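Number of protein chains: 2
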Amino acid sequence: MKASAPPLAEVQSAIRAAGARVTPARVRVLAALRAATAPQCHAEIEESLAQEAQPAIDRVTLYRVLDWLCSAGLAHKAADARGVFRFSAAQPNVEHAGHVHFRCTGCGGVFCLKAPPPPVPALPRGFRLGGMAVDIRGECPRCVRAHS
Amino acid sequence: MKASAPPLAEVQSAIRAAGARVTPARVRVLAALRAATAPQCHAEIEESLAQEAQPAIDRVTLYRVLDWLCSAGLAHKAADARGVFRFSAAQPNVEHAGHVHFRCTGCGGVFCLKAPPPPVPALPRGFRLGGMAVDIRGECPRCVRAHS
DNA sequence: CCGTTAATGCAACCAGGTTGCATCGGCAAC
DNA sequence: GTTGCCGATGCAACCTGGTTGCATTAACGG
């Protein structure tokens with residue numbers, strides 16, 4: 002559940018550029034998010050940080066770091082189908098708004114599809130568009146196999 | 002937050018047709034869902050039922066009735082942006098799968114758009130499609146006004 | 001190296017949601 | 001009608017995800 006680790010310097014400068022202190026907690030959480038291949042929930046992040054042979058990060062601190070990353074624009078927060086929040090790193094330059102996701106109803110995993118996002122439908126008068134998310138549900142190959 | 006009350010007989014026969022006992026709790030909850038103009042969360046349903054001058058329905062019973070309605074295909078369950086489940090009545094005949102929703106980031110309300118759902122993108126090999134939901138976020142007219 | 005102040009850790013708390021179990025009541029069979 | 005089965009209900013306790021208050025620690029500009 003882990004991709005190649007992102008350069009530490011990039012993570013640190015991104016945090017510094019946001020105008021905040023560079024702390025181990027922020028660096029490790031943002032690095033973990035950037036290394037992840039799919040949006041992670043709080044428990045998953047906590048688990049992957051626990052395997053790092055470094056002092057564990059407090060549950061509350063993790064929540065606060067995640068919220069700070071979101072308010073700083075370095076991460077995104079969205080509730081999944083089970084109602085728990087999942088966090089994903091914002092790409093340094095490539096903003097992936099309108100990203101197309103596939104959500105497995107078996108294991109709860111989220112997969113990013115390569116398909117181009119569909120056009121935004123016309124909104125009624127007075128509505129202000131914030132963003133669009135296409136959520137495709139079903140079962141991932143592993144759950145399809147396990148389910149039969 | 003209430004539209005015209007749906008005919009009670011329809012609600013009762015829908016429940017009976019699902020092969021289950023017709024109980025006051027189920028009738029009242031389904032009637033409340035059908036009368037609502039937007040997906041309701043548990044607390045909102047509880048509140049609207051409390052104004053009915055009838056014995057209150059237990060919190061747990063309400064959860065169980067809602068889950069049963071979903072498994073019976075009479076209602077839909079989806080997590081909103083805040084991570085809480087919202088329930089909506091399934092139309093008696095018109096199944097609105099692939100419905101396009103607009104979700105207000107200000108008040109948490111959900112609005113149904115008339116726009117036709119976009120086509121489903123091609124899935125990678127091995128994935129099994131369950132359904133698709135298009136989620137458009139932004140601010141509703143009221144929140145746009147209140148926000149400035 | 002020091003002081004300021006943001007960030008952290010801890011404990012307690014809260015809301016939404018679920019489970020176990022004894023009791024009640026739809027409804028069908030008689 | 002009456003009876004009885006078993007699904008549905010209510011209550012209490014519990015669980016997970018998320019938040020708040022507050023004392024302590026440590027990042028970093030001087």
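In the order they appear, the protein sequences are chains L and E. Using the numbering used here, the first residue of the first sequence is number 2, and each one after it goes up by one. Using the numbering used here, the first residue of the second sequence is number 2, and each one after it goes up by one. The beta-carbon is built from N, C-alpha and C at its ideal position, and this holds for glycine as well. Nothing here was measured: the structure is a model prediction, and the numbers come from that model.
Asked                                                                                                                        : Found
C-beta neighbour in chain L for glutamate 140 of chain E, strict 7 Å                                                         : yes
For alanine 79 of chain L: DSSP bridge partner residues                                                                      : L:Arg87
Proximity of alanine 80 of chain L and alanine 80 of chain E at Cβ, strictly below 7 Å                                       : yes
Residue from E:Arg138, E:Gln52 and E:Ala21 with nearest C-alpha to arginine 129 of chain L                                   : E:Arg138
Minimum Cβ-Cβ distance from leucine 70 of chain E to chain L less than 7 Å                                                   : no
Sufficient close CB pairs (3 or more, under 8 Å) joining the segment 70 to 78 of chain E to the segment 42 to 52 of chain E  : no
7 Å Cβ cutoff, valine 61 of chain E in contact with chain L                                                                  : no
Any C-beta of chain E under 7 Å from that of alanine 4 of chain L                                                            : Confidence is the limiting factor: at alanine 4 of chain L the pLDDT is only 48, short of 50, which leaves the residue's position unreliable and the question unanswerable from this model.
Same chain, Cβ closer than 8 Å to leucine 34 of chain E, five either side skipped, listed in chain order                     : Gln41, Ile46, Leu70, Ala76, Phe88, Ser89 and Ala90
Asparagine 94 of chain L versus proline 8 of chain L - alpha carbon distance                                                 : Here the model assigns asparagine 94 of chain L a pLDDT of 42, short of 50, so the residue's position is not dependable, and the following value carries that caveat. Approximately 15 Å between the Cα atoms of the pair.
Alpha-carbon spacing of alanine 51 of chain L relative to leucine 63 of chain L, whole angstroms                             : 12 Å
Sequence-distant residues of its chain with Cβ nearer than 7 Å to alanine 19 of chain L (five each side left out)            : Ala73 and Leu75
Outcome for alanine 32 of chain E when other beta-carbon atoms lying within 10 angstroms are tallied against a minimum of 16 : buried
Near the ligand NAP: glutamate 48 of chain L beta-carbon under 6 Å from a heavy atom                                         : Absent from the structure shown: the ligand NAP. Ligands present: none.
Inter-residue Cα distance where the pair is proline 25 of chain L and phenylalanine 112 of chain L                           : 29 Å
Of the listed residues E:Val121, E:Val23 and E:Arg65, nearest to phenylalanine 103 of chain L (C-alpha basis)                : E:Val121
Backbone secondary structure at valine 121 of chain L - three-state DSSP                                                     : coil
Chain L within 7 Å of leucine 67 of chain E, Cβ atoms only                                                                   : no
Counted within 10 angstroms of its Cβ, other Cβ atoms place valine 61 of chain L as buried (16 or more) or exposed           : exposed
Range covered by the alpha helix (DSSP H) that runs through glutamine 52 of chain E                                          : No alpha helix (DSSP H) contains glutamine 52 of chain E, which DSSP labels as neither H nor E.
Straight-line Cα distance separating cysteine 144 of chain E from alanine 37 of chain L                                      : 35 Å
Contact check, arginine 17 of chain E vs valine 23 of chain E, beta carbons under 7 Å                                        : yes
Selection from L:Met133, L:Leu124, L:Pro125 and L:Val85 that minimises the alpha carbon distance to valine 101 of chain L    : L:Met133
Close Cβ partners of aspartate 68 of chain E (< 8 Å) along its chain, the five nearest in sequence each way excluded         : Lys78
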